[in-house]
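Residue numbers (the working numbering): 155 to 330.
For each residue, glycine too, the CB sits at the ideal point set by N, CA and C.
First the structure, in the form of structure tokens, and then the observations on it.
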Amino acid sequence: MREHIVGIVIRKATVNDAGQVADVMNAVIAEGKYTLLDRPFSEEEERAFILSLSDRSAVYVAEIDGETVGVQSIGLFTDYADSVRHVATMGTWLRRDFRGRGIGRLLAEESFKFARSVGYMKIVIQVLADNESALRFYRTLGFQDIGIARRHVRLGVKFHDEVYLEKLLQNAENIT
155 MREHIVGIVI RKATVNDAGQ VADVMNAVIA EGKYTLLDRP FSEEEERAFI
205 LSLSDRSAVY VAEIDGETVG VQSIGLFTDY ADSVRHVATM GTWLRRDFRG
255 RGIGRLLAEE SFKFARSVGY MKIVIQVLAD NESALRFYRT LGFQDIGIAR
305 RHVRLGVKFH DEVYLEKLLQ NAENIT
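This is the structure:
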């Protein structure tokens with residue numbers, strides 16, 4: 155049963171959020187099984203990342219009583235080819251005690267609105283194949299599997315497959 159979240163605020167992150175954003179991400183990284191990220195980020199690194207965001211990239215935070223409990227980033231899939239400027243990528247990090255409560259969906263709704271507003275037509279994501287809860291989450295958002303990269307991520311001594319998923323946005327019918 156999903157617990158209703160009262161008083162949750164979803165908003166774009168600012169440099170003042172860097173410490174709490176890093177804390178949420180680092181907690182997920184420390185679990186060692188939900189992300190390909192394999193080292194913690196400092197507040198300074200996160201601040202620099204937020205400052206470096208282009209007008210087509212954003213970090214959203216989910217806050218309850220001023221405390222960041224979830225983070226989602228969305229931005230250009232790659233910056234080395236104009237031919238894929240219509241494609242975004244996205245990542246989601248939620249504190250363990252706030253998973254399964256609809257916060258990821260609220261973050262995604264904001265990210266999708268943002269993506270459409272800056273001209274993205276498609277979002278491509280990568281999820282560790284053994285992260286069943288994340289795969290289920292993204293599929294409920296309309297993402298579809300498009301492939302698997304075998305033994306693509308190495309965390310410690312263990313290799314993991316990575317699932318690639320996509321979601322078509324506005325004007326997607328024009329993608330050929």
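1) Below 8 Å on the Cβ atoms is my contact criterion, and I expect V317 with I302 to pass it. Report the Cβ-Cβ distance as a whole number of Å.
2) Which first and last residues belong to the alpha helix (DSSP H) in which A212 is found?
3) Where does V317 fall in DSSP's three states?
4) CB-CB under 7 Å to A172, same chain, minus the five flanking residues each way: which ones, in chain order?
5) Would you check if the distance between the CB atom of G224 and the CB atom of A216 is smaller than 8 Å?
6) Using a threshold of 8 Å, state whether the C-beta atoms of Q226 and G254 are closer than that.
7) How is the alpha helix (DSSP H) around T189 delimited, first residue to last?
8) Ignoring anything shorter than 3 residues, give me the beta strand (DSSP E) runs that lie fully in the stretch 238-295, in order along the chain.
9) Tell me which same chain residues have a C-beta within less than 7 Å of the C-beta of A167, skipping the five on either side of it?
10) Closer than 7 Å by C-beta to I164: which residues in its own chain qualify, once you throw out the five before and the five after it? Chain order, please.
11) Check the DSSP bridge columns for S114 and list the partner residues they point to.
12) Just the C-alpha distance for T222 and H306, rounded to the nearest angstrom, thanks.
13) Quick check on DSSP: helix, strand or coil for R201?
14) Can you name, in chain order, every residue of its own chain whose Cβ lies under 7 Å from the Cβ of D299, other than the five neighbours on each side?
In short:
1) 6 Å
2) Here A212 belongs to no alpha helix (DSSP H); instead the beta strand (DSSP E) covers A212 to I218.
3) strand
4) E197, E200, R201 and I204
5) yes
6) no
7) From DSSP, T189 is part of no alpha helix (DSSP H); its letter is neither H nor E.
8) 241-248 and 276-282
9) V175, I204, V213, Y214 and V215
10) Y214, A216, L260, L261 and E264
11) Residue 114 lies beyond the residue range present for the chain, which begins at 155 and ends at 330; the question has no answer from this structure.
12) 31 Å
13) helix
14) V317 and L319
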